[in-house]
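Colleague: Going by the numbering used here, the sequence shown opens with residue 5, and the numbers climb by one from there.
Cβ atoms here follow ideal geometry from the backbone N, Cα and C, with glycine treated the same way.
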Amino acid sequence: MTEVTPENFVQAVQMLYHDQDATRKKIASEWLLSVQSSLYAWTLADQLIRRNQNSEVTCLSAQILRHKIQHNFDELPIEHCKGLCDSLLDHLSRAELTRITTVRVQLAVATADLALQYVGWENPVEDVVEKLKTSPEHMLTLLEFLTALPEEVNTSTIRIGENRRQYCREKYSNSGQQIHDILIFLLQVNSTPTESLFTGILKCFASWISIRAFTESLLLTSPLLNSVLDILKSTHCSNELHKSACDCLCNILELCEEYQKYWSLAVFLKQQITQYLCQSYFQAVKDENLDKAQNYTRIYINLIESILDCLIDGRQSDLSDLSCLHLLLYPLEHSDYEVAQSTFYTWCSFADYIKTHNDDMIDKIKPYMNKLIDILCTQCKLDPDHLGVPPESDEKSSKSHAASNSDLGEFRYRVECLIKDTIHITGALNCF
Numbered sequence: 005m006t007e008v009t010p011e012n013f014v015q016a017v018q019m020l021y022h023d024q025d026a027t028r029k030k031i032a033s034e035w036l037l038s039v040q041s042s043l044y045a046w047t048l049a050d051q052l053i054r055r056n057q058n059s060e061v062t063c064l065s066a067q068i069l070r071h072k073i074q075h076n077f078d079e080l081p082i083e084h085c086k087g088l089c090d091s092l093l094d095h096l097s098r099a100e101l102t103r104i105t106t107v108r109v110q111l112a113v114a115t116a117d118l119a120l121q122y123v124g125w126e127n128p129v130e131d132v133v134e135k136l137k138t139s140p141e142h143m144l145t146l147l148e149f150l151t152a153l154p155e156e157v158n159t160s161t162i163r164i165g166e167n168r169r170q171y172c173r174e175k176y177s178n179s180g181q182q183i184h185d186i187l188i189f190l191l192q193v194n195s196t197p198t199e200s201l202f203t204g205i206l207k208c209f210a211s212w213i214s215i216r217a218f219t220e221s222l223l224l225t226s227p228l229l230n231s232v233l234d235i236l237k238s239t240h241c242s243n244e245l246h247k248s249a250c251d252c253l254c255n256i257l258e259l260c261e262e263y264q265k266y267w268s269l270a271v272f273l274k275q276q277i278t279q280y281l282c283q284s285y286f287q288a289v290k291d292e293n294l295d296k297a298q299n300y301t302r303i304y305i306n307l308i309e310s311i312l313d314c315l316i317d318g319r320q321s322d323l324s325d326l327s328c329l330h331l332l333l334y335p336l337e338h339s340d341y342e343v344a345q346s347t348f349y350t351w352c353s354f355a356d357y358i359k360t361h362n363d364d365m366i367d368k369i370k371p372y373m374n375k376l377i378d379i380l381c382t383q384c385k386l387d388p389d390h391l392g393v394p395p396e397s398d399e400k401s402s403k404s405h406a407a408s409n410s411d412l413g414e415f416r417y418r419v420e421c422l423i424k425d426t427i428h429i430t431g432a433l434n435c436f
């Protein structure tokens, strides 16, 4: 199997996935890796994708083509780039290929990587949209490409110069209105979008939020933001859709760290979260839905961290109301210690920030810190019906997550660290 031909490639894939002989599987794997590193891989992968002989061969071929574009783009002569671009657009428009999720993702990422590296491709977003907008069956493929594009801009696997990377960042961060219009169009042409389509739209929305493509005014008036909040207020959506909505909101809250630039947005989101996303958290706890409870906790943490300066500077404003700290107290009572522990860093940061920036706020913060200690003391107690003593946990064993330590033992250790970091606010008498 030394000659690189489509037939030998198919045979090697068959051997890799289905041969029971470990030695033969290893030979097939090594041969396929050598093919991937060769110049033949460019035309061979493209040819096999076009044939679409079976899903295993097509998936691996798409993966190889994506790998070549990511890592070996300098091998491709400049005069062949246009042909590769046209070929990828053709692959993306073939529904029989993109029905396979793995193939769809690999081709979308490959196309995004080509768009970033091929200087001659001036309008990749417009070209892909034009190619795929004609049929509903292409919508998920379009979303995969649009989601991958901003994600790939900052990935280290793309070997482009810093000037080109910065050019792409600026180009796509200024495309927010265009992308928003496309996402709204996808919603409108599907009056009752499937959950997979809706999830894809929100993932794409989150991806472009992360590169700051949308202005404050656009976000405040966006039906997509309203949809995100409606999903998070609901108690009936799937965990996957809930996670996508959570990612969107957390990305927007990260924008609000520049609160002077996104002031109105920060005020609006603070009001929405404090008024409407508390009961939803309690319902998730009641339903024993750990994933959703963790999502709400992430939102609470991101909100507090995004407006930390405003909470501590002592000046009255729409963002300085300390009552929102109650949001960080709710997860502390969760039965899963990881949910409670996820807030510890924020509490420590909060206490440290007060110590270094505004000691005058200590008296105002102390009631929340005392409540924090009360809840954690309760959480650290053994159940009344517990038999025996839990294993102790020290710093060394905690860091190594030794299997012998109980969850409670490790939780107690982390609580001890938190109390040490906040004792300058609570005072020793309130802790012991």
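1. Report yes if the CB atom of L315 is closer than 8 Å to the CB atom of S327, and no otherwise.
2. Output the boundary residues of the alpha helix (DSSP H) element that contains E261.
3. My parser needs the alpha helix (DSSP H) runs of 4 or more residues fully inside the stretch 317-378; what are they?
4. Under the rule that 16 or more other beta-carbon atoms within 10 Å means buried, what is F189, buried or exposed?
5. Taking DSSP as the reference, what is the three-state secondary structure of F149?
6. Excluding the 5 residues preceding and the 5 following F218 in the sequence, name in chain order all residues of the same chain whose CB lies nearer than 6 Å to its CB.
7. To the nearest angstrom, how far is the alpha carbon of I73 from that of Q287?
8. Straight-line CA distance for E60 to Q275?
9. Pairing CB atoms from the stretch 131-141 with CB atoms from the stretch 161-179, are three or more of them under 8 Å?
10. If you follow the alpha helix (DSSP H) that E3 is part of, which residue opens it and which one closes it?
11. Anyone know if the C-beta pair for V109 and E148 falls short of 8 Å?
12. Can you round the beta-carbon distance between C208 and T151 to whole angstroms, since I take them to be within the 8 Å contact cut?
13. Reducing DSSP to helix, strand and coil, say where A270 ends up.
14. Where does the unbroken alpha helix (DSSP H) through A112 begin, and where does it stop?
15. Does A99 come out as helix, strand or coil in the three-state DSSP assignment?
16. Kindly say whether N230, judged by its beta-carbon, lies nearer than 8 Å to any beta-carbon of chain D.
17. Mapping DSSP to helix, strand and coil, what is I303?
18. Report the option in N230, N158 and S410 whose CA atom is closest to the CA atom of S214.
19. Please classify S339 as buried or exposed, where buried requires at least 16 neighbouring CB atoms within 10 angstroms.
20. From this set, W351, I366, H428 and K375, which residue's C-alpha is nearest R418's C-alpha?
21. Just reading off the alpha helix (DSSP H) that I162 is part of, what are its end residues?
22. Taking 8 Å as the threshold, find out whether the stretch 298-311 comes into contact with the stretch 355-369 through three or more Cβ pairs.
23. Could you check if C250 is buried or exposed, using at least 16 other CB atoms within 10 Å of its CB as the buried criterion?
24. Within 10 angstroms of the Cβ of A112, are there 16 or more other Cβ atoms? Answer buried if so, exposed if not.
25. May I ask which residues mark the beginning and end of the alpha helix (DSSP H) holding I235?
26. Is G413 helix, strand or coil when you go by DSSP?
27. Hey, how far is the Cα of Y280 from the Cα of L37?
28. Here's the rule I'm using: 16 or more other beta-carbon atoms within 10 Å means buried, otherwise exposed. How should Q121 be labelled?
29. Give me the residue from I53, C85, H75 and Q264 with the minimum Cα distance to T106.
30. For P128, report the span of its alpha helix (DSSP H) as first-last.
31. Pick helix, strand or coil for A217, following the three-state DSSP scheme.
32. If we call anything under 8 Å between Cβ atoms a contact, is I311 one with Y263?
33. On the premise that S248 lies in contact with T196, defined as a C-beta separation below 8 Å, what is that separation, rounded to the nearest angstrom?
34. Keeping to the same chain, check which residues put their C-beta closer than 6 Å to that of K403; ignore five residues upstream and five downstream.
Modeller: Let's see:
1. Taking the sequence shown and counting its residues from 1, one reaches residue 315 at position 311. Taking the sequence shown and counting its residues from 1, one reaches residue 327 at position 323. A distance of 8 Å or more separates the beta carbons of L315 and S327.
2. For the purposes of this step, residue 261 is identified with residue 257 of the sequence shown, where counting begins at 1. Judged by DSSP secondary structure, E261 falls outside any alpha helix (DSSP H); it is assigned neither H nor E.
3. With a minimum length of 4 residues, the unbroken runs of alpha helix (DSSP H) contained wholly in the stretch 317-378 fall at 330-333, 341-345 and 348-361.
4. Reading the sequence shown from its first residue, position 185 is the one you call residue 189. Answer is exposed; the Cβ neighbour count stays below 16.
5. Mapped onto the sequence shown, residue 149 falls at position 145. When DSSP states are grouped into helix, strand and coil, F149 belongs to the helix group.
6. Start at 1 with the first residue of the sequence shown, and residue 218 comes out as number 214. The beta carbon of F218 sits closer than 6 Å to those of G180, all from its chain and outside the five residues before and after it, given in chain order.
7. As a first step, residue 73 is located in the sequence shown; it is residue number 69 there, counting from the start. As a first step, residue 287 is located in the sequence shown; it is residue number 283 there, counting from the start. Taking C-alpha positions only, I73 is separated from Q287 by approximately 47 Å.
8. Indexing the sequence shown from 1 puts residue 60 at position 56. Indexing the sequence shown from 1 puts residue 275 at position 271. Near 50 Å, if we compare the C-alpha coordinates of Q275 and E60.
9. No: the two stretches stay apart, fewer than three of their Cβ pairs being nearer than 8 Å.
10. Residue numbering for the chain in the displayed model covers 5 to 436; residue 3 lies beyond these limits and cannot be assessed.
11. For the purposes of this step, residue 109 is identified with residue 105 of the sequence shown, where counting begins at 1. For the purposes of this step, residue 148 is identified with residue 144 of the sequence shown, where counting begins at 1. Yes, the pair counts as a contact, with Cβ atoms nearer than the cut-off.
12. The sequence position of residue 208 within the sequence shown is 204, counting from 1. The sequence position of residue 151 within the sequence shown is 147, counting from 1. 4 Å between Cβ atoms; contact.
13. Stepping through the sequence shown from its first residue, residue 270 is reached at position 266. It is helical.
14. Translated into the one-based positions of the sequence shown, residue 112 becomes position 108. Where A112 is concerned, the enclosing alpha helix (DSSP H) stretches over T105 to Q121.
15. Counted from its first residue, the sequence shown places residue 99 at position 95. The answer is helix: DSSP assigns A99 an H, G or I state.
16. Included in the structure is just one protein chain, with no chain D present.
17. As a working note, residue 303 is residue 299 in the sequence shown. Reduced to three states, the DSSP call for I303 is helix.
18. Working through the sequence shown from its first residue, we reach residue 214 at position 210. Shortest Cα-Cα distance from S214 to any of N230, N158 and S410 involves N158.
19. Within the sequence shown, the letter at position 335 stands for residue 339. When all chains shown are included, S339 counts as exposed.
20. Reading the sequence shown from its first residue, position 414 is the one you call residue 418. Here the closest residue by C-alpha is W351.
21. Counting from 1 along the sequence shown, the entry for residue 162 is found at position 158. No alpha helix (DSSP H) holds I162; DSSP gives it neither H nor E.
22. Verdict: no, contact absent.
23. The sequence position of residue 250 within the sequence shown is 246, counting from 1. Around the CB of C250, 16 or more other CB atoms lie within 10 Å, so the residue is classed as buried.
24. Along the sequence shown, read from residue 1 onward, the residue named residue 112 stands at position 108. By the neighbour-count definition (other C-beta atoms within 10 Å, threshold 16), A112 is a buried residue.
25. As a working note, residue 235 is residue 231 in the sequence shown. Its alpha helix (DSSP H) spans residues P227 to K237.
26. As a working note, residue 413 is residue 409 in the sequence shown. Looking at G413 - three-state DSSP - the assignment turns out to be helix.
27. The residue given as residue 280 occupies position 276 in the sequence shown. The residue given as residue 37 occupies position 33 in the sequence shown. Note on geometry: alpha-carbon atoms of Y280 and L37 lie some 53 Å from one another.
28. For the purposes of this step, residue 121 is taken as residue 117 along the sequence shown, with counting starting at 1. By the 10 Å Cβ count, Q121 comes out buried.
29. Counted from its first residue, the sequence shown places residue 106 at position 102. Nearest option by C-alpha distance: I53.
30. By 1-based counting over the sequence shown, the position of residue 128 is 124. Looking at the DSSP string, the run of the alpha helix (DSSP H) that includes P128 is P128 to L136.
31. Mapped onto the sequence shown, residue 217 falls at position 213. The answer is coil: DSSP assigns A217 none of H, G, I, E or B.
32. Taking the first residue of the sequence shown as 1, we reach residue 311 at position 307. Taking the first residue of the sequence shown as 1, we reach residue 263 at position 259. Taking 8 Å as the Cβ cut-off, I311 and Y263 qualify as a contacting pair.
33. Within the sequence shown, numbered from 1, the residue matching residue 196 stands at position 192. Within the sequence shown, numbered from 1, the residue matching residue 248 stands at position 244. Incorrect: roughly 18 Å between the Cβ atoms, too far for contact.
34. Counting from one through the sequence shown, the residue named residue 403 turns up at place 399. Unreliable placement is indicated for K403, whose pLDDT of 45 sits below 50; no coordinate value is reported for it.
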